[in-house]
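Listed in order, the protein sequences are those of chains A and B. In this text, residue positions in the first sequence follow the numbering used here: the first is 24, and each later residue adds one. In this text, residue positions in the second sequence follow the numbering used here: the first is 24, and each later residue adds one. All C-beta atoms in this analysis are idealised placements derived from N, C-alpha and C, irrespective of residue type, glycine included. Please read these numbers as outputs of a predicted model, since none were measured by experiment. Taking it in order: structure first as structure tokens, then the write-up.
There are 2 protein chains.
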Amino acid sequence: MRAVDIIAAKRRGREIPADDLRDFVLDYAAGRTPDYQMAAFLMAGVIRGFSRAEAEALTDAMVRSGGTLDLSELSGPTVDKHSTGGVGDGTTLVVAPLAAALGMQVVKLSGRGLGHTGGTLDKLEAIPGMRTTLSGDELVAQVERIGLAVCAQTADLVPADRAMYALRDVTATVEDRALIASSVMSKKLAGGAQAILLDVKTGSGAFMKDPEDARALAQLCVEIGEDAGRATGALITDMSQPLARGVGNAMEVREAIEVLRGDRGGRFTDLCLTLTGHLAALAGVAESPAEGRGRAEAAIASGAGLERFAAFVEAQGGDARIVEDLGRLPAAAVVLEVRVPRGGQLAAVDAEAVGHAAAIVGAGRERKDDAIDLAAGVEFLPEIGDAIPGDGVVARIHAADRAAAERAGEAVLAAIALHDGPVDPPPLVLGTVGNRLDA
Amino acid sequence: MRAVDIIAAKRRGREIPADDLRDFVLDYAAGRTPDYQMAAFLMAGVIRGFSRAEAEALTDAMVRSGGTLDLSELSGPTVDKHSTGGVGDGTTLVVAPLAAALGMQVVKLSGRGLGHTGGTLDKLEAIPGMRTTLSGDELVAQVERIGLAVCAQTADLVPADRAMYALRDVTATVEDRALIASSVMSKKLAGGAQAILLDVKTGSGAFMKDPEDARALAQLCVEIGEDAGRATGALITDMSQPLARGVGNAMEVREAIEVLRGDRGGRFTDLCLTLTGHLAALAGVAESPAEGRGRAEAAIASGAGLERFAAFVEAQGGDARIVEDLGRLPAAAVVLEVRVPRGGQLAAVDAEAVGHAAAIVGAGRERKDDAIDLAAGVEFLPEIGDAIPGDGVVARIHAADRAAAERAGEAVLAAIALHDGPVDPPPLVLGTVGNRLDA
């Protein structure tokens, strides 16, 4: 089919045969089909909808558009995880070393991304000396030796996805389940791991505000992964409040180390343990998610997880002494306490607004080439349901200057709602998707 | 509104405020908004639909994107006509001189276009020496002196329409009533005439196969024209068979001269008289379309129409002796008669297929820079309802070589259906649109 015929068929709501769709995407990636034809096609698809077969063909084409990581020399089991993103979502920094401690081989390619805080790569760069670019050979050797590597996606992986993602961003065609799923899953399939766990977020701080949308996206991603021969599962998790206490790059590294030290409880720790347990079940190193979670708890208690984290930092050139001495991480010049005028139970948080507050002090970037202040961010202290006394501290703003810190503090206060009566904390995990995760 | 917000609003089916829509189109015409954003917007609009207010804003933006013809020095009344295009549709060559003979001033800017035969400009170029490019001043002076000019649209008119039309062609966003109406009407409004008559075709040889679609398009065009202060009306006419006998460039010029000489009856002559009558009523030079038609018949009988045609040819540098001597028009080397194997009443013609047959012998172009054989084409002889005897001639193919003529002949035979019983000829005019045309 010619490009214009494919566009016309999608405009009429027809399903595009897999071979035609794959050729269309590959022609686009090769520069033979112009942006404007892809833009018209994407808009038609977003309005008319894509079938599961189309989502799989799109994914397949994106994978074929570039190179793939060859993990065949690893002893395995190789695993990967992906979060759809949220506020204070630094689970990779905890889950990857715990999974390694449980005998999995974690191959995690990350992005930089736009957002309230940087991507995982930016967080890692808060560690002095840390290198985030590894060659394929370096990555494989490191994973075989220490069980994990987290580094930048190489330029030759899924070029079609990169081009289409940039185009979707400027043509109002981001919000589509099949396009999101194929973008996520093409990167995971090209990354080569045998087991893939997705953490699909829902709530005020997530892209998917509606749990049903999150579940449908998770379902499609799992189907794509399983049909491609990978052990795939997903958790639907709550992002109705910041996940970790820290929303900022160095701050999230610090908190990850505290969790691995066993010094922290709360929702963030809980989710890291749950994710590790499910990953273990998917990879076949545990009989069930519950058993996997138990082993993850033991890896914290024994220090095995922290030891893997230190080995990982050292392998990528970072200063592993941070594990013992958190003072070696970047620290902000100003730390401002944010107090509530009157007390109450924390009933709701606009997590996205807390993220914006972190961006106000420079923790994230709004444009590709914005510089990030790695030390800056927001420590948001309570969880929904917690009682806060009058004049109590709800947050600490870490910033380079006082004026920005005060603006961020006002944004945090505007983002919370306190009630007088008791408030039930929301569940952390709303559901799982994938046959392999049925306990 | 930013471009991406306009696209997102249209994707959700919202009406875009006129000012925002105009700025969006003007930014596109100025190269400040890229093709891919316009492509996404157009696709969203084609699927979700545009309102009448949006169609008017689009039209207005296209007019404002370039220059407009200034006809203020003409004594008037100035008139323009437009046909949505069909097979053997050379009405301009007859209607323009007849309207001039009735005292109207015809300002007709034409295109070249792709299709079975060339556009009006290609037809004119079949006249030896004929010039189709006039400056604005030349055009105004010629119209004031002889009552008509038919020439190429100048490059500075409606640049936004040209850019959007080219983009629609390659992004499967051609078929939309508001986009078609704004494209047609922006050219007519920029052309400056006070009265505008549209001939909206429907049937097998027309873009609009369905008469209801044709009527809705006509209605929208008339509303746009009237709201812009022009006397506007439309006829819905049948294109279920080739309109003129000749489908080819020199052939259509020859037939126009024959009609103006009074040597031809049939549907083509009928429609030319009807169009001229309606144009006269719109322009106020006749009390009613019927009175206008009567005066058009008189202008043929008196030779006044033919005389205007000759003056027009001479004014634009053409060889006006063709009016007396049709042999001066280009003639094909091969003329092949196409005979039916057995007789019957002509029940149906695939007019588009007859157009394709003309394209086979080189009467039209499929790509912008294809050369046209001005002498080539198809003479399709019967009208629906006519009886054709066994072994009777239904068409004559005019071509440069015999092999192409034979292929075209086969295509013509495949395009017709003969019945044994009597067949009613279809009506020529299916309706009129516009208050000014209510008789």
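At a Cβ-Cβ threshold of 7 angstroms, Val166(A) and Gln217(A) do not count as neighbours. The CB of Asp58(A) comes closer than 9 angstroms to the CB of Pro57, Asp58, Tyr59, Ala62 in chain B, given here in chain order.
Closer than 7 angstroms at the C-beta level to chain A, one finds these residues of the segment 188 to 211 of chain B: Leu190, Val193, Thr194, Ala195, Thr196. Take Gly300(A), set aside five residues on each side of it, and the residues of its chain with a beta-carbon closer than 6 angstroms to its own are Pro312, Gly315, Arg316, Ala319, in chain order. In terms of beta-carbon proximity, Val48(A) stays away from the interface with chain B, with every pair separated by 7 angstroms or more.
Within the segment 63 to 86 of chain B, the residues whose Cβ lies closer than 9 angstroms to some Cβ of chain A are Ala63, Phe64, Leu65, Met66, Ala67, Val69, Ile70, Arg71, listed in chain order. Taking 7 angstroms as the Cβ-Cβ cut-off, the segment 27 to 39 of chain B approaches chain A at Val27, Ile30, Ala31, Arg34, given in chain order. Looking at the backbone, the Cα of Arg37(B) and that of Tyr188(B) are separated by about 23 angstroms. Fewer than three beta-carbon pairs drawn from the segment 374 to 389 of chain A and the segment 236 to 246 of chain A are found closer than 8 angstroms, and the two stretches are therefore not classed as touching.
Of Gly341(A), Gly444(A), Arg419(A), the smallest CA-CA separation from Ala434(A) is found for Arg419(A). Here Thr156(A) is exposed, its C-beta having fewer than 16 other C-beta atoms within 10 Å. DSSP places Ser325(A) in no beta strand (DSSP E) but in the uninterrupted alpha helix (DSSP H) bounded by 312 to 325. Judged by pairs of C-beta atoms under 8 angstroms, the segment 178 to 192 of chain B touches the segment 74 to 88 of chain B, as three or more such pairs exist. In its chain, beyond the 5 residues on either side, Val117, Pro120, Ile323, Gly328, Leu329, Phe332 have a beta carbon closer than 7 angstroms to the beta carbon of Leu283(A). Looking at Gly307(A), Phe335(A), His442(A), the one whose alpha-carbon comes closest to that of Gln368(A) is His442(A). Non-local beta-carbon contacts of Asp373(A) in its own chain, meaning distances under 7 angstroms to residues more than five positions away in sequence, involve Ser227, Ala438 in chain order.
Per DSSP, the continuous beta strand (DSSP E) segment holding Leu359(B) begins and ends at 357 to 362.
Gly400(B) places its beta carbon 7 angstroms or farther from that of Gly289(B). When secondary structure is reduced to three states using DSSP, Asp261(A) falls in the strand class. According to DSSP, residue pairing for Phe403(A) in a beta bridge involves Ala418(A). Linking Asp145(B) to Ile29(A) through their CA atoms gives a straight-line distance of about 33 angstroms. In this structure, Leu132(A) lies near Gly214(A), with their beta-carbon atoms less than 7 angstroms apart.
Pro449(B) is not a Cβ neighbour of Leu397(B), given a cutoff of 7 angstroms. The beta carbon of Ala440(B) is closer than 6 angstroms to those of Ala370, Ala371 in its chain, skipping five residues each way along the sequence. With fewer than 16 other beta carbons inside 10 angstroms of its own, Ser95(B) counts as exposed. Under the DSSP assignment, Val384(A) falls outside any beta strand (DSSP E); it carries neither an H nor an E label. As for any alpha helix (DSSP H) of minimum length 4 sitting wholly inside the segment 37 to 64 of chain A, the runs are 41 to 52, ordered along the chain. When secondary structure is reduced to three states using DSSP, Thr196(A) falls in the coil class, being assigned neither helix nor strand. Under the criterion of beta carbons closer than 8 angstroms, Ala63(A) and Thr196(B) qualify as touching, at roughly 6 angstroms.
Assigned with DSSP and collapsed to three states, Leu147(B) falls in helix. Only residues of its own chain outside the window of five on either side were considered, and among them Val372, Ala374, Ile407 have a CB closer than 6 angstroms to the CB of Gln264(B), listed in chain order. Shown here for Arg200(B): same chain residues with a beta carbon closer than 7 angstroms to its own, the five before and five after excluded, namely Ala239, Leu240, Leu243 in chain order. Taking the C-beta atoms as reference points, Ala80(A) is found nearer than 7 angstroms to Ala41(A).
Exclusion of the five residues before and after Arg344(B) leaves Arg351 as the residues of its chain whose Cβ lies within less than 8 angstroms of its Cβ.
Here Gly341(A) is buried. Its C-beta has 16 or more other C-beta atoms within 10 Å.
Cβ atoms of Glu275(A) and Gly111(A) come within 8 angstroms of each other, at about 7 angstroms.
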